[in-house]
Amino acid sequence: MTDQRGLVYGVPLYDLLEKEQGTIPLIVEKCLSVVERRGLAEVGIYRISGENKVINAMKEAFDKKGAAMIDLENGSFSDCHNVTGALKLWLRLLPDTVIPHAFYQSFIDAASVTDYNEKMYQLRNLVWRLPQPHFLLLRRLMEHLFTVSDHEQENSMQPHALAIVFAPSIMRPAPGDAQFGVQMQNLGKATSAIKLLIIQAHWIFRDDTEEQENEEDMQANLVEDSTS
Numbered sequence: 001m002t003d004q005r006g007l008v009y010g011v012p013l014y015d016l017l018e019k020e021q022g023t024i025p026l027i028v029e030k031c032l033s034v035v036e037r038r039g040l041a042e043v044g045i046y047r048i049s050g051e052n053k054v055i056n057a058m059k060e061a062f063d064k065k066g067a068a069m070i071d072l073e074n075g076s077f078s079d080c081h082n083v084t085g086a087l088k089l090w091l092r093l094l095p096d097t098v099i100p101h102a103f104y105q106s107f108i109d110a111a112s113v114t115d116y117n118e119k120m121y122q123l124r125n126l127v128w129r130l131p132q133p134h135f136l137l138l139r140r141l142m143e144h145l146f147t148v149s150d151h152e153q154e155n156s157m158q159p160h161a162l163a164i165v166f167a168p169s170i171m172r173p174a175p176g177d178a179q180f181g182v183q184m185q186n187l188g189k190a191t192s193a194i195k196l197l198i199i200q201a202h203w204i205f206r207d208d209t210e211e212q213e214n215e216e217d218m219q220a221n222l223v224e225d226s227t228s
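Numbering (my numbering), first residue to last: 1 to 228.
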């Protein structure tokens with residue numbers, strides 16, 4: 001029987017964090033750090049797929065040894081596109097998505113609001129209602145993707161392009177016979193929601209105290225983004 005203690009993929013977020021005694025899964029932090037150190041200028045980062053054979057080998061290594069023991073700086077595991085492929089696979093196999101299934105329809109409804117400012121406030125309120133482990137993981141991912149998009153002149157990955165890549169993995173309806181149909185029906189709205197979370201990451205994830213102190217800056221950002 002396989003020893004389950006080292007498993008990283010397909011493990012519920014709460015269980016993985018309890019095992020690692022951290023706030024962000026180590027596999028996520030290691031992969032994002034690689035991109036931030038040496039992948040921001042890679043054209044098509046996250047859009048271009050890595051090698052399936054290598055990504056599967058990475059999954060096997062993470063599951064067998066645990067994230068702390070995996071070297072992403074040398075050999076085939078160090079290729080940025082393989083690293084991003086390993087991260088995207090981890091997100092796809094997360095039993096409950098980063099934005100939990102229970103919040104899926106609420107995010108879709110918020111993304112459907114016509115008024116831009118009201119839409120942003122609804123999305124922000126939903127984000128702050130997430131369970132803390134999901135909130136912290138979503139914040140780390142969105143702030144990272146904001147950084148990636150900030151280098152779009154080099155990597156050609158605008159927020160919309162990143163949202164197309166990540167939306168199906170970050171938010172999905174609850175498992176069931178209708179899951180695929182519902183997900184496809186709402187894919188445009190889900191992509192829009194993730195795009196807005198990326199663009200407005202610094203405002204959305206700012207705590208209430210900071211928000212009150214910087215209300216004028218926030219309003220200026222909302223107006224600017226609604227016209228872009």
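Note that beta-carbon positions come from the ideal geometry of N, C-alpha and C, so glycine has one too.
Length of the line joining the Cα atoms of residue i and residue j
{"i": "S106", "j": "G75", "result": "43 Å"}
{"i": "V83", "j": "E51", "result": "10 Å"}
{"i": "S112", "j": "P12", "result": "29 Å"}
{"i": "I70", "j": "K59", "result": "10 Å"}
{"i": "P133", "j": "L26", "result": "13 Å"}
{"i": "V34", "j": "A67", "result": "14 Å"}
{"i": "Q158", "j": "Y121", "result": "23 Å"}
{"i": "N155", "j": "V148", "result": "8 Å"}
Reference residue i; option with closest CA among the options
{"i": "K195", "options": "G181, D207 and V165", "result": "V165"}
{"i": "M142", "options": "P95, Q153 and I199", "result": "I199"}
{"i": "W90", "options": "M157, Y9 and M184", "result": "Y9"}
{"i": "G188", "options": "E42, S156 and H160", "result": "H160"}
{"i": "L130", "options": "L72, H151, Y104 and A174", "result": "Y104"}
{"i": "H101", "options": "T191, L87 and Q179", "result": "Q179"}
Buried or exposed (CB count within 10 angstroms, at least 16 for buried), residue i
{"i": "E18", "result": "exposed"}
{"i": "I45", "result": "buried"}
{"i": "I48", "result": "exposed"}
{"i": "F205", "result": "buried"}
{"i": "F231", "result": "Given a span of 1 to 228 for the chain in the structure shown, any question on residue 231 remains unanswerable."}
{"i": "A110", "result": "buried"}
Start-to-end residues for the alpha helix (DSSP H) that takes in residue i
{"i": "S33", "result": "L26 to R38"}
{"i": "R92", "result": "C80 to L93"}
{"i": "R139", "result": "Q132 to S149"}
{"i": "A190", "result": "L187 to I199"}
Anticipated Cβ contact below 8 Å, residue i with residue j, distance rounded
{"i": "C80", "j": "G22", "result": "Not a contact, Cβ separation roughly 23 Å."}
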